[in-house]
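Enquirer:
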Amino acid sequence: MDPERYDPQQVEPKWVAAWEELALYRADESDGGRPRFYALDMFPYPSGDLHMGHLEAFSGGDVIARLKRMQGHNVLHPIGWDAFGLPAENAAIKRGAHPNMWTHQNIDTQRATFHRLGVSFDWSRTLNTCDPDYYRWTQWLFLRFFERGLAYRKASPVNWCPNDQTVLANEQVINGHCERCDALVEKRDLTQWFFKITDYAQRLLDDMEELNWSDKVLTMQRNWIGRSTGADVDFQVAETGETVRVFTTRPDTLFGATFFVLAPEHPLAERLVAGTEREPEFRAFLERVGRETEIERLSTERDKEGLFLGAHAVNPVNGELIPIWAADYVLLEYGTGAIMAVPAHDQRDLDFARKHKLPVRVVVQPAGEEPLDGATLPEAMSHEGVLVNSDGYDGLPATEEAIPRITADLEARGLGGPAVNFRLRDWLLSRQRYWGCPIPIVHCPACGEVPVPDEQLPVLLPEDITDFTPKGRSPLATSEAWVNVDCPRCGGPARRETDTMDTFVDSSWYFLRYTGLDPDRPMDPERVARWMPVHQYTGGIEHAILHLLYARFFTKVLFDMGLVGFREPFTSLLNQGTVVMHGSAMSKSRGNLVEPSAIIDRHGADVARLTILFAGPFEDDVDWADVSPEGMARWVQRVWRAVHAAVGEPEGGDDQRLVRLAHRTTAAVTDDLERFRFNTAISKLMVLSNGLADAVRAGRGTAAQRRDAAQRLVLLLAPLAPFVTEELWRVLGNPSSVHLEAWPGFDPGLVRRERVTCVLQVDGKVRDRIEVAPDAPEAELRDAALASERVRAALGDRQVVRVVVVPPKLVNLVTG
RNA sequence: GCCCGAGUGGCGUAAUUACGGCAACCGCGAUCGCCUCAAAAGCGAUUGCCCGAAAGGGCGUGCGGGUUCGAGUCCCGCCUCGGGCACCA
């Protein structure tokens, strides 16, 4: 091939085929004595060809897999598809094709692009979640959850997307809008399937200590789980004698409770007004609240609405009677759905008290200050200090002493005690849509919810369905032949569950299946033990809460079932940033869509990979408008020419600078790649290729020195640009694949610089620079500084009162 | 409102990262030059700002203070942007 011009279009397809034939990237179950490394990329959703976010994620993931392979690891680097989901169905509705067809076409497209990109996947263990061989085991796992009471059905107010005509998990509601279609989410009372993830809230929090994840993602998960500590307190309803419990984080403010609030949907509210003259007004209020959209409820500016229920609660600490209200700012889903209102120390309670003319009583204020009158409370009230107006507790520091003391006293009297509350809600998993995994349950009028026996799995999706239009109930329900079955328990007539599972269920365990694709089990425990947990997981930050929380939950349940021997699935996590164009998300409708395939068409896969990885730190967002595949293509050409010249031009004399550069680059690039600093690794390889080209052009370097520098350049670049390096490896006379080579080592003696620059400062300003040996003694540096003419000129007639020497980098002469 | 993260040339970024020591590596873009009939490609030079013909000097990492011989880096107080959470009791 032309030593002056590299043609990726000619070279790349050749190696795609050759690598596949050699099964170069197959994970080895027998290890051969090598340490194992599971490099996992989040599997894509097949909604078209791969997009730019995929290019970045898979390029980064592939560099890691290839680096580890060259460093002698037995690498598992699998790929599959997260193939169930709404877009397939919506596309089917639009085009009249079956979701299955649309999905498989997209999978084929993506598979082809993965090959063209040169991603080093083990293609022998690919999977896709809409394949019955896969979803059979999703159903199997669901049944195990069901047996343990971790999958259950209940009626509750749930998130409803009026556009997709399905329920959504809390995690899929973004600012009151549907995550998928952005429609305004409504609340509906429906009976739905849930996973009891709340049982694992504390463990999901505790086990984060094991995770080598970014603080950003850990913080997001921590916020989402939302643990708060405080106390449960029992109040008695004066009129009826029944007990109602509240949760509070500030039991120290109990004496400041001047009213009591129930969520409008709270059953007690209903009971208190039933049959009274307040009932009609309450009904109207309840209906008004129910009509409020999520957005309205979320607005903090909105006036809080409420209604006195005609009854009173007894404050357990002082026996005081306080009025019971229903108000829309109290949520049924959090805590107990009831609160004690302390307007002096809670902004929401204060807003409500002011609006409805309820009393305000200060019970905590800075020590030593005159007791404040609640009626003239300043807008910014302190909630720290010591207790006042609190019989028997006055003067106690609020957080340190009053909270534990009051909590303990309540507990001793059987009126409450320490309590913990989580923001996390159970995971609503059922969906009223077609293209998902059927829930393997039969509803029998006699036996209730009956699990489909394991040996009857998979429950296949009915194939006789042609209308996928959302109608508020699952399309599966329209297939009478499919729905009507005999009850597995009593044999009587029964009906199948027609909802399908949230696709996040499918992706909560796929990483386990890659270890073996066992035909008779979801996973082979031995193989799982061999490969898991995943050493390095790469993918988008958009899954920080959803997928990553669910997968952690699943893993913990499987641990409890004894199916896996670890509590956390992903030891280390790497999130790429998002790729945008001119500051906004790429999309066809915006007309700013650039697809990886187009970049590969024009410049080749190496350039596509290098361009996205050089654009900036991997975790940062990339604006494609700022990057230049043309510039990267130029560099690939320079590398091509430099390596050819290194072995083609007549040799020159000894050049230790080139030798040192080659070793220094080896050390630095190894370090950068291990830390996922792809952009700086590439910049250092540019320095090496420039240095090699310069040396050859200037006639420096022996044949051996040039060859060694060229070999190192090719080896170090191989994980980043697998094609051009494979070709250049042949140019250097090597018969086998560069991707089977060992990662180069280096001589630490050659990494250290021979001479270093020492800066000479006067009063902190650089006045001169000298070249010195790295181990030059302090005295020598001091003398050199005092001898420097430039330094002397800068000093003038000022006296040096102090000399700071930092060998071998710097001397600072300080004048008076 | 609360919690994270980030502000460095025209642009993307870098500064041997648990630790204060040459600010701007590498690239993009731009300008000029070489080569060419011409263009492309390639090669070379310049490219933070200001003063200066040059030598050289001054300023310079969002703003204001502080610590230090020395601050992009540490401390205090702000501003701006991005992200997360949010009537969560």
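End of the first sequence = 1287 in my numbering, gap-free, step of one. All residues carry an ideal CB built from backbone N, CA and C; glycine is no exception.
1) For the segment 682-758, list the beta strand (DSSP E) runs that are entirely contained and at least 3 residues long, ordered along the chain.
2) Assign F1250 to one of two classes, buried (16 or more other C-beta atoms within 10 Å of its C-beta) or exposed (fewer than that).
3) Using DSSP bridges, identify the partner residues of C652.
4) Excluding the 5 residues preceding and the 5 following A489 in the sequence, name in chain order all residues of the same chain whose CB lies nearer than 7 Å to its CB.
5) Select from A1175, E872, A622 the residue whose C-alpha is nearest the C-alpha of L899.
6) Return the chain-ordered list of same chain residues with a C-beta closer than 7 Å to the C-beta of P868, the five sequence neighbours on each side being excluded.
7) How big is the Cα-Cα spacing for V1093 and Q1047?
8) Flag this pair as touching only if the segment 951-959 and the segment 978-991 have three or more C-beta atom pairs under 8 Å; answer yes or no.
9) With distances taken Cα to Cα, identify the nearest neighbour of R944 among S901, L1064, T974.
10) Please look up how many angstroms separate the CB atoms of R1238 and V1262, rounded, as I've assumed it's under 8 Å.
11) How is I766 classed by DSSP in three states: helix, strand or coil?
12) Do you know how far the Cα of R819 is from the Cα of T771?
13) Check G808 in the structure and name its three-state DSSP category.
14) According to the neighbour-count rule (16 or more other Cβ atoms, all chains shown, within 10 Å of its Cβ), is E527 buried or exposed?
15) Count the other CB atoms, across all protein chains shown, that sit within 10 Å of the CB of P736; report buried if there are 16 or more and exposed otherwise.
16) Roughly how many angstroms lie between the CA atoms of D973 and R615, to the nearest whole one?
17) Going along the chain, which residues of its own chain have a beta-carbon closer than 6 Å to the beta-carbon of T986, five neighbours each way excluded?
18) Any idea what DSSP makes of T986, helix, strand or coil?
19) Looking only at C-alpha atoms, which of H1210, L983, G919, P946 sits nearest to P1336?
20) Going by DSSP, what residue range makes up the beta strand (DSSP E) through W980?
21) Please list the terminal residues of the continuous alpha helix (DSSP H) segment that includes T969.
22) Using the Cα positions of E680 and L881, report the straight-line distance between them to the nearest angstrom.
23) Whole angstroms are fine: how far does the CA of I810 sit from the CA of P837?
24) Should V949 and D938 be called a contact, given that it needs their Cβ atoms to be closer than 8 Å?
25) Should R894 and G697 be called a contact, given that it needs their Cβ atoms to be closer than 8 Å?
26) Which term fits Q643, buried or exposed, when burial requires 16 or more other beta carbons within 10 angstroms of its beta carbon?
27) Nearest to I1153 by CA position, among F1085, N634, L792, L1064, is which residue?
28) In the DSSP assignment, what are the bridge partners of L639?
29) Any idea if R1273 is buried or exposed, counting beta-carbon neighbours within 10 angstroms, 16 or more meaning buried?
30) Spatial neighbours of S1259 within its chain, please: C-beta separation below 6 Å, excluding the five flanking residues on both sides.
31) Based on the DSSP output, what are the partners of K625 in its beta bridges?
32) Taking three-plus beta-carbon pairs below 8 Å as touching, is the segment 530-538 in contact with the segment 505-512?
33) Let me know the alpha helix (DSSP H) ranges lying completely inside the segment 566-631, each 4 residues or longer, listed in chain order.
34) How should Q673 be labelled, buried or exposed, when 16 other C-beta atoms within 10 angstroms of its C-beta is the threshold for buried?
35) I'd like to confirm the pairing. Which residues does DSSP put opposite E1145 in its beta bridges?
36) Specify the secondary structure class of E1242 as computed by DSSP and reduced to three states.
Expert: If we stick to the structure as given:
1) 698-708, 714-719, 730-733
2) Residue identity check: residue 1250 is Ala in the sequence provided, not Phe. A1250 comes out exposed.
3) DSSP output for C652 lists no bridge partner at all.
4) none
5) A622
6) V857
7) 9 Å
8) no
9) S901
10) 5 Å
11) Caution is warranted here: a pLDDT of 49 is assigned to I766, below 50, making its placement in the model unreliable, and the coordinate value is therefore given only provisionally. The answer is helix: DSSP assigns I766 an H, G or I state.
12) Here T771 scores only 48 on pLDDT, less than 50, and its place in the model is too uncertain to base an answer on.
13) coil
14) buried
15) Going by the sequence as given, residue 736 is Glu instead of Pro. It is buried - the Cβ of E736 has at least 16 other Cβ atoms within 10 Å.
16) 17 Å
17) R998, V999, W1002
18) coil
19) In the structure as shown, the chain starts at 472 and stops at 1287, and residue 1336 therefore has no counterpart that could be examined.
20) No beta strand (DSSP E) contains W980, which DSSP labels as neither H nor E.
21) Counting along the chain, T969 falls outside any alpha helix (DSSP H), and DSSP gives it neither H nor E.
22) 34 Å
23) 25 Å
24) Going by the sequence as given, residue 949 is Thr instead of Val. A contact, by the Cβ cut-off of 8 Å.
25) yes
26) buried
27) F1085
28) N630
29) exposed
30) L1231, D1239
31) Q663
32) yes
33) 570-588, 603-618
34) exposed
35) Its beta-bridge partners do not exist; DSSP assigns none.
36) strand
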